[in-house]
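Note sheet for the following structure.
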Amino acid sequence: MNQEEVHRRSMLARLRRIEGQLRGIQGMIERKLDCETVVQQVAAARRALDRAFYEMLACNMELEISNASSKDAARQVGLHVARILAKYG
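Dropping the structure here:
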């Protein structure tokens, strides 16, 4: 199994765990648990999504740099990643 496939499977597993967290939060709200408990779980899900975001960004950067044909092309990858971070990060 190549590195891309390993990364893809890892990311899908991470997103499934986050999906489970979100379903759990919905259940907490349906059961009328106190707000602080729900907020704590929302914060945990947010952190998990942030980790997934940065992992995907790092993967993208790694692939683009490895495919860069020159030092200038690699620099352009860095600028592209900086724009993504400024926009979404």
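Heads up, the sequence shown is in our numbering, so the first residue is 1 and it goes up one at a time. Note that beta-carbon positions come from the ideal geometry of N, C-alpha and C, so glycine has one too. Please read these numbers as outputs of a predicted model, since none were measured by experiment.
DSSP places A86 in the helix class (H, G or I) of the three-state scheme. With a cutoff of 8 Å on beta-carbon distance, L22 and A45 are scored as near each other. Around the Cβ of I25, a 10 Å sphere holds 16 or more other Cβ atoms; the residue is buried. Below 8 Å, enough C-beta pairs join the stretch 3-17 and the stretch 52-61 to call them touching: three or more.
Using a Cβ distance threshold of 8 Å, M11 and A52 count as a contacting pair.
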